[in-house]
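Top line first, the protein sequences correspond to chains A and B.
Take any residue in the first sequence, count from 1 to its spot, add 61: that is its number in our numbering.
Take any residue in the second sequence, count from 1 to its spot, add 68: that is its number in our numbering.
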Amino acid sequence: MNIAAPGTPVANEAIRCVRLTRHLGAGDARVQVLREVSLAVEPGTVSAIVGPSGCGKSTLLYLLGLLDRPDGGEIWIANENLAQAGDEKRTQVRNEHIGFVFQFHFLLPEFSALENVMLPMRKLGRATPAQMTARAAQLLDAVGLGEKTRRLANQLSGGEQQRVAIARALANQPSIILADEPTGNLDVKNSAMVFELLTRLAKENGQAIILVTHNPDIAGRCDFLHPMRDGVFVKKR
Amino acid sequence: MLTNLKIALRFLLAKRRSMMMSLAGIAFGTGFIILTQAITTGFQEFFIRTILGTDGALRVEDKFQATVVNLSAIDAEGRYAGGVEVESNRKYQEGVAEPGRLTDAIKRFPDVGGVSEVLRGNVSIQSATREESGQVYGIELENHMAVSDIGRQLVVGSMDDFRKAPSGVLVGSALANRLRLRPGNSVLIAHGGQSTRYRVSAIYETGIRDIDKVRVFMHLGEARVLLRKPHGASYLQVGLKNPDRAPEIARQIERIASHRAASWQEREKVWLDVFRFFRILAAITVFTIIVVSGLGMFNTLAMIVMEKTREIAILRSMGYTRADIALVFMLQGGLVLAAGIALGWLLGALGTWGVSSVPVSVRGIFSTDHIVVAWDCAHYAGAALAASVVVLIASWLPARRAALLEPAAIIRGASQ
Numbered sequence: 062m063n064i065a066a067p068g069t070p071v072a073n074e075a076i077r078c079v080r081l082t083r084h085l086g087a088g089d090a091r092v093q094v095l096r097e098v099s100l101a102v103e104p105g106t107v108s109a110i111v112g113p114s115g116c117g118k119s120t121l122l123y124l125l126g127l128l129d130r131p132d133g134g135e136i137w138i139a140n141e142n143l144a145q146a147g148d149e150k151r152t153q154v155r156n157e158h159i160g161f162v163f164q165f166h167f168l169l170p171e172f173s174a175l176e177n178v179m180l181p182m183r184k185l186g187r188a189t190p191a192q193m194t195a196r197a198a199q200l201l202d203a204v205g206l207g208e209k210t211r212r213l214a215n216q217l218s219g220g221e222q223q224r225v226a227i228a229r230a231l232a233n234q235p236s237i238i239l240a241d242e243p244t245g246n247l248d249v250k251n252s253a254m255v256f257e258l259l260t261r262l263a264k265e266n267g268q269a270i271i272l273v274t275h276n277p278d279i280a281g282r283c284d285f286l287h288p289m290r291d292g293v294f295v296k297k298r
Numbered sequence: 069m070l071t072n073l074k075i076a077l078r079f080l081l082a083k084r085r086s087m088m089m090s091l092a093g094i095a096f097g098t099g100f101i102i103l104t105q106a107i108t109t110g111f112q113e114f115f116i117r118t119i120l121g122t123d124g125a126l127r128v129e130d131k132f133q134a135t136v137v138n139l140s141a142i143d144a145e146g147r148y149a150g151g152v153e154v155e156s157n158r159k160y161q162e163g164v165a166e167p168g169r170l171t172d173a174i175k176r177f178p179d180v181g182g183v184s185e186v187l188r189g190n191v192s193i194q195s196a197t198r199e200e201s202g203q204v205y206g207i208e209l210e211n212h213m214a215v216s217d218i219g220r221q222l223v224v225g226s227m228d229d230f231r232k233a234p235s236g237v238l239v240g241s242a243l244a245n246r247l248r249l250r251p252g253n254s255v256l257i258a259h260g261g262q263s264t265r266y267r268v269s270a271i272y273e274t275g276i277r278d279i280d281k282v283r284v285f286m287h288l289g290e291a292r293v294l295l296r297k298p299h300g301a302s303y304l305q306v307g308l309k310n311p312d313r314a315p316e317i318a319r320q321i322e323r324i325a326s327h328r329a330a331s332w333q334e335r336e337k338v339w340l341d342v343f344r345f346f347r348i349l350a351a352i353t354v355f356t357i358i359v360v361s362g363l364g365m366f367n368t369l370a371m372i373v374m375e376k377t378r379e380i381a382i383l384r385s386m387g388y389t390r391a392d393i394a395l396v397f398m399l400q401g402g403l404v405l406a407a408g409i410a411l412g413w414l415l416g417a418l419g420t421w422g423v424s425s426v427p428v429s430v431r432g433i434f435s436t437d438h439i440v441v442a443w444d445c446a447h448y449a450g451a452a453l454a455a456s457v458v459v460l461i462a463s464w465l466p467a468r469r470a471a472l473l474e475p476a477a478i479i480r481g482a483s484q
């Protein structure tokens, strides 16, 4: 991982952002949350963004995940600058290249664990229903929920739900996994298990993981650590 | 699409009670529109069949002479620059002077199914018990049967008796009741101080009380003698293959034959307007049920959007487009709509079938002993269209709101 200079990405980068700026709020309440932040992440690595609340960690993550638009700067994914791309394009890239794991699992409670994991695959539409079912079952098995595939999301514990969310994030084999405090809502035991799962599965598939966390233990186990303060990276490891 | 449908269905089932209320409203609204239209249209069509079977599709009567005025235009130098002929006023001559020639001319119209020459006159009718005033209608039976339902309107007696008896008459049921007449009785019919005895061959009932209480049909030759009119006719009753074209053919006959021609639509305009008014009134009244159901649908979907913002955000984050999200909510409306229409059609059909056997005696403008209904696909299509418009509008607003939700803002809010 490196702090990148402006320009097109190099071939072995999963994602690169260049001089991202972002303001939030309006009028007198308008504040600059990100100040020309640049970042490049290689496949098969785990990067942690840490810092106090309000420093811009999550905002950066949402920008990298194309859920939000920067006021300035570039976001390169799959050799395309998508910072100001249209909504359709950004949505399609999210579906194909990005997997999200949030602090709150955000599973659809009316669907079973298996169906939740199949949702991104159904949207991508590249596999047959049988292939999608098999892959979802395999992913759930990998996160230790092979026996609970038919359970509705609300019939699972918090840790189990987060593991389903990880399986869902991996469903389309995205090149980038973005995790916003994925263990923030879990106890110590479940936190360790979820982090272990996430990093092991992603590394096995050569996926780049960027996670935002307040947990120093988790941050310490990542390949790269990016402390952030007042909208900029202050130092790197 | 299939995934969106599945999501829509699951979201709907999570709000089962609210959705059932909306579904019930749409089904009842659709069913009631069908039922009310079936009844009002049924009675209207029955009325039209009655008047067509009684007075025919067209009536050609008084001859007229139109005064034509030529309006000329002149240019700036006072020269003739063209002109138009305008009909200024008409002078009417009562009745049809040459019914034979006019009948031949009218029969040349391809849409004309038959023409019956009718001679009409006011008379007094005396039975053994009392005397009533009435009207004699002289007809050629076979011609008149071709332009009316008189053959099917007999309630007592036989048409063969009338056909074979030169002095036979057909008496309206209301008049026969007043005069206590039965087939075989004799009546004395007087006109202009001259009385002639006739024999009742049969009693008919059109259902139109104003007709049944005054009209007496007799053979045309007998009527000419009684009314002392050896030539001419009061009017020609014309039957059409397609009665809906009556106004157009009436205009053509007026232009060609210079006789006043009145279509059944013109003659019965007042009653037809009354029926139309009741149909519209019923449709508006029942449509309010659907509108209220639509408001319920809107509320339910708006609540789902509010409750499902996180799910919407996560669907967006995993690659579902704004159109997908809008479709999920439109499909929820669509699913309730489809079920509501299907159920409404069933309710409407069952209701229509049910009321058609309800005994109700109606006499006056037609005669029936049960509620008359019309089975028309257009009622079902119309009810479905009305429900669709309301539900789709009610669904579109929440769907649009859901599609415009920004996932980052929702996730940021949920995480804090």
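All residues carry an ideal CB built from backbone N, CA and C; glycine is no exception.
Note that the structure is a prediction, hence the values are computed from the model and not measured.
Secondary structure of residue i, DSSP reduced to three states
i: A/Arg-155; result: helix
i: B/Met-386; result: coil
i: B/Gly-110; result: helix
i: B/Glu-375; result: helix
i: B/Val-69; result: Per the sequence shown, the amino acid found at residue 69 of chain B is Met instead of Val. Coil at B/Met-69, not helix or strand.
i: B/His-212; result: helix
i: A/Lys-209; result: coil
i: A/Leu-100; result: strand
i: B/Val-442; result: The sequence as given places Ala at residue 442 of chain B; Val does not occur at that position. Coil, per DSSP.
i: B/Ser-140; result: strand
i: A/Glu-141; result: strand
i: A/Glu-171; result: coil
i: B/Thr-436; result: strand
i: B/Asn-157; result: strand
i: A/Arg-91; result: coil
i: B/Gly-236; result: strand
i: A/Gln-192; result: helix
i: B/Glu-199; result: strand
CB of residue i within 7 Å of CB of residue j, strictly
i: B/Gly-387; j: A/Lys-184; result: yes
i: B/Ala-214; j: B/Gly-189; result: no
i: B/Arg-328; j: B/Thr-108; result: no
i: B/Ile-382; j: B/Ala-470; result: no
i: A/Ser-108; j: A/Phe-285; result: yes
i: A/Val-225; j: A/Asn-177; result: yes
i: A/Arg-96; j: A/Val-293; result: yes
i: B/Leu-120; j: B/Leu-399; result: no
i: B/Met-374; j: B/Ser-90; result: no
i: A/Ala-146; j: A/Pro-131; result: no
i: B/Val-268; j: B/Val-224; result: no
i: B/Val-191; j: B/Gly-202; result: yes
i: A/Pro-235; j: A/Gly-126; result: no
i: B/Ala-106; j: B/Leu-411; result: no
i: B/Phe-114; j: B/Val-440; result: yes
i: B/Ala-462; j: B/Ile-409; result: no
Cβ separation of residue i and residue j, assumed to be a contact under 8 Å, to the nearest whole Å
i: B/Pro-167; j: B/Gly-300; result: 6 Å
i: B/Ala-125; j: B/Ser-331; result: 7 Å
i: A/Val-162; j: A/Ile-227; result: 6 Å
i: B/Arg-85; j: A/Phe-167; result: With 8 Å as the limit, B/Arg-85 and A/Phe-167 do not qualify as a contact, their Cβ atoms being about 25 Å apart.
i: B/Glu-273; j: B/Ser-241; result: 4 Å
i: A/Ser-173; j: A/Thr-120; result: Incorrect: roughly 33 Å between the Cβ atoms, too far for contact.
Range covered by the alpha helix (DSSP H) that runs through residue i
i: B/Val-404; result: 390-423
i: B/Ile-461; result: 445-472
i: A/Pro-181; result: 174-185
i: B/Glu-145; result: Counting along the chain, B/Glu-145 falls outside any alpha helix (DSSP H), and DSSP gives it neither H nor E.
i: A/Leu-272; result: No alpha helix (DSSP H) contains A/Leu-272, which is instead part of the beta strand (DSSP E) from 269-273.
Residue i, enclosing beta strand (DSSP E) - first and last residue
i: B/Gln-262; result: 262-272
i: A/Ala-240; result: 237-241
i: B/Ser-184; result: 180-194
i: A/Leu-262; result: Careful: A/Leu-262 lies outside any beta strand (DSSP E), inside the alpha helix (DSSP H) at 249-265.
i: A/Arg-83; result: 76-85
i: B/Phe-285; result: 283-287
i: A/Arg-290; result: 285-290
i: B/Pro-427; result: 427-430
i: A/Val-295; result: Note, A/Val-295: premise wrong, no beta strand (DSSP E); not H, not E.
i: A/Ser-108; result: 107-111
i: B/Ser-254; result: 254-259
| task | With a floor of 3 residues, list each beta strand (DSSP E) that falls wholly inside the segment 297-351 of chain B, ordered by position along the chain. | result | Within the segment 297-351 of chain B, the beta strand (DSSP E) runs of at least 3 residues that lie entirely inside it are, in chain order, 303-308 and 327-331.
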